[in-house]
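Everything on this sheet refers to the single structure shown next.
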Amino acid sequence: MLKLILDTNLFKRKNLKHLEDYEFSLLFENLYNLINNQKIQDVEICIDQMALLEYIEQIGNWYENDIVKNYNMIFEAIQRTYPIQRMYFSTKSDFIETYSYELLENLEQRSLKIIETIPKSQNGGISIVKVVEKTIKNIPPFDKIHNKDLKDAFISETINTVAEVDRNNQYVLITLNKDDFKDNVIEIPNYKIEFIYPNEELIQIFDIIKKYGSHVDDDIYYNELLKKERFDKDIKQFVEEQILNEDYYQSVPTIKKHNDHYQKNYEILDSNILKVNFYLLDDKIQHECGIEYDLNYRKPKILNKFISYIDENGEEVYLNEF
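Written out as structure tokens, the structure reads:
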């Protein structure tokens with residue numbers, strides 16, 4: 001089975017909806033639901049304990065700086081003019097303790113596995129618990145200056161340690177931070193680090209899942225693929241530079257849209273050819289157009305462009321000489 005681990009920057013929420021919000025990023029929740037609904041198979045999404053502790057500390061900082069301090073600042077400004085009763089908040093440490101407990105309960109209810117950094121027991125040597133705590137909170141000697149790579153090292157080595165004793169499963173850490181992990185030395189075959197770029201993260205993760213032999217439902221995969229900016233750019237260029245220049249239309253047609261994207265559907269033809277259909281609206285008539293891509297290339301290659309419409313005699317016209 002593929003054990004999929006998202007780095008902190010991929011599973012964390014940018015903003016909590018409220019103080020009892022225990023969901024992760026939309027990306028994480030989408031993957032979790034797709035796995036639960038069998039749209040992605042032979043994959044388990046896991047959470048690295050070090051990354052989770054780092055996230056909880058970030059939530060604590062958000063609570064202290066964005067909630068408590070902002071409230072106190074607004075309270076002081078209003079109280080100068082209108083006497084009002086002050087609202088008192090828990091301390092950051094108390095909030096983190098409560099939030100951590102509820103978050104872990106939520107993860108357990110959802111059967112989400114935590115890959116543990118901190119051992120259940122330790123005899124002798126430095127205390128891993130204290131080192132991790134100081135690293136998370138940037139407490140000297142593990143301060144911000146000396147702590148640049150230590151958190152990432154803990155995240156990677158946590159997965160490495162578990163993968164080393166669980167050779168039957170493939171462990172993959174996915175991150176946006178290539179610079180932080182690119183020099184990692186991994187000596188076991190069943191642990192890999194995969195780098196993706198911001199935007200269109202979900203389709204990149206689908207590609208990684210398929211790369212390691214796990215299954216993504218075709219409709220889920222291709223409908224997400226068609227959201228890539230490249231396809232809308234190709235359609236726009238085809239319409240503006242080729243269709244309109246050939247004077248097929250007396251008035252300028254519009255490209256049919258859905259949810260801020262051009263409305264598209266797909267067909268998979270022989271030899272891994274993707275046919276992307278879209279529609280032009282010309283006053284009363286909807287015309288079908290399309291672009292065919294060869295998916296055997298890393299960057300899909302355009303093979304054919306076409307436009308199909310009914311002429312004045314009621315006969316279908318199909319043109320693909322573009």
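Numbering (our numbering), first residue to last: 1 to 322.
We put the beta carbon where it would ideally sit given N, CA and C, even for glycine.
From a predicted model like this one, the values you see are computed outputs, not experimental measurements.
Find the nearest neighbour of residue i within the set the options, judged by alpha-carbon distance.
i, options, result
"Asp260", "Lys228, Gln85, Tyr266", "Lys228"
"Tyr191", "Asn160, Asp179, Asn177, Glu57", "Asn160"
"Asp350", "Phe206, Leu10, Phe306, Val68", "Because the chain spans 1 through 322 in this model, residue 350 falls outside it and cannot be assessed."
"Leu295", "Asn169, Ser214, Phe238, Leu225", "Leu225"
"Glu201", "Asn30, Glu20, Tyr22", "Asn30"
"Tyr279", "Tyr309, Phe181, Ser156, Ile56", "Tyr309"
"Ser90", "Leu19, Gly290, Tyr197", "Leu19"
"Tyr101", "Asn223, Tyr22, Glu316, Arg13", "Tyr22"
"Ile285", "Val129, Gly314, Tyr197", "Gly314"
"Tyr212", "Asp42, Lys14, Ser25", "Asp42"
"Asp232", "Gln49, Asn265, Arg86, Lys14", "Asn265"
"Arg86", "Ile74, Asp94, Phe95", "Ile74"
"Tyr88", "Leu274, Lys69, Tyr82, Tyr99", "Lys69"
"Ser156", "Lys178, Ile220, Tyr82", "Lys178"
"Gln242", "Phe322, Leu34, Ser127", "Phe322"
"Asp166", "Ile188, Ile139, Asp149, Tyr197", "Ile188"
"Asp152", "Ile273, Ile193, Pro140, Asn168", "Ile193"
"Leu319", "Gly290, Lys301, Arg298, Leu274", "Gly290"
"Thr158", "Ile128, Asp66, Ile139, Ile268", "Ile128"
"Asn272", "Arg80, Tyr293, Arg110, Ile208", "Tyr293"
"Tyr222", "Asp149, Asp180, Lys275, His258", "Lys275"
"Gln263", "Glu240, Leu244, Asp270, Lys236", "Lys236"
"Pro300", "Asn277, Arg230, Leu244", "Arg230"
"Trp62", "Asp48, Glu76, Tyr32, Phe95", "Phe95"
"Asp66", "Leu16, Tyr82, Asp180", "Leu16"
"Leu150", "Thr81, Arg298, Asp180", "Asp180"
"Tyr99", "Glu164, Glu240, Ile56, Leu244", "Ile56"
"Arg110", "Asn123, Tyr82, Tyr32", "Tyr32"
Which residues share a DSSP beta bridge with residue i?
i, result
"Leu280", "Ile255, His287"
"Glu335", "Residue 335 is absent from the model: the chain starts at 1 and stops at 322."
"Asp48", "Ile115"
"Glu316", "Ile310"
"Glu108", "Glu108 pairs with nothing; no bridge assigned."
"Lys264", "Phe278"
"Gln58", "Partner(s): none; Gln58 has no beta bridge."
"Gln170", "Leu2"
"Gln41", "His215"
"Thr175", "Phe195"
"Leu269", "Ile273"
CB-CB under 6 Å to residue i, same chain, minus the five flanking residues each way: which ones, in chain order?
i, result
"Lys92", "Gly60, Glu64"
"Glu97", "none"
"Ile186", "none"
"Cys46", "Lys3, Ile5, Lys113, Ile115"
"Asp217", "Lys39"
"Lys182", "none"
"Ile203", "Glu224, Leu225"
"Val162", "Ile115"
"Ile287", "Correcting the residue identity first, residue 287 is His in this sequence and not Ile. Leu280, Tyr309, listed in sequence order."
"Phe238", "Lys305"
"Asn169", "Met1, Lys3"
"Ile208", "Glu194"
Going by beta carbon distance, what residues of the same chain come within less than 8 Å of residue i, once the five residues before and after it are set aside?
i, result
"Phe28", "Leu6, Leu10, Phe11, Ile45"
"Asn78", "Here the sequence assigns Ile to residue 78, which means Asn is not the residue at that position. For Ile78, where only same-chain residues beyond five positions count, the Cβ hits under 8 Å are Ile84."
"Asp311", "Val317"
"Val132", "Met50, Leu53, Thr117, Ile118, Phe154"
"Asn277", "Lys264, Asn265, Tyr266, Glu267, Glu288, Cys289, Gly290"
"Leu303", "Ile273, Glu292, Tyr293, Asp294"
"Lys144", "Asn138"
"Leu269", "Lys275, Glu292"
Between residue i and the rest of its own chain, which residues show a CB-CB distance below 7 Å, the 5 nearest in sequence each way excluded?
i, result
"Leu281", "Pro253, Thr254, Lys256"
"Gln58", "Lys12"
"Lys134", "Phe142"
"Leu34", "Ile40, Ile220"
"Lys210", "Val216"
"Asn147", "Thr135, Asn138"
Query raised in the report: Where in the region 177 to 238 do unbroken runs of the beta strand (DSSP E), each at least 3 residues long, occur, reported from the N-terminal end onward?
Result: 191 to 195
Query raised in the report: Should the region 32 to 41 be regarded as contacting the region 91 to 107, the criterion being three or more beta carbon pairs within less than 8 Å?
Result: The region 32 to 41 is not in contact with the region 91 to 107.
Query raised in the report: When the Cβ atoms of the region 165 to 185 are set against those of the region 6 to 15, are three or more pairs found closer than 8 Å?
Result: yes
Requested in this report: Can you check the region 62 to 95 for any alpha helix (DSSP H) of at least 4 residues that lies completely inside it and give the ranges in chain order?
Outcome: 70 to 79
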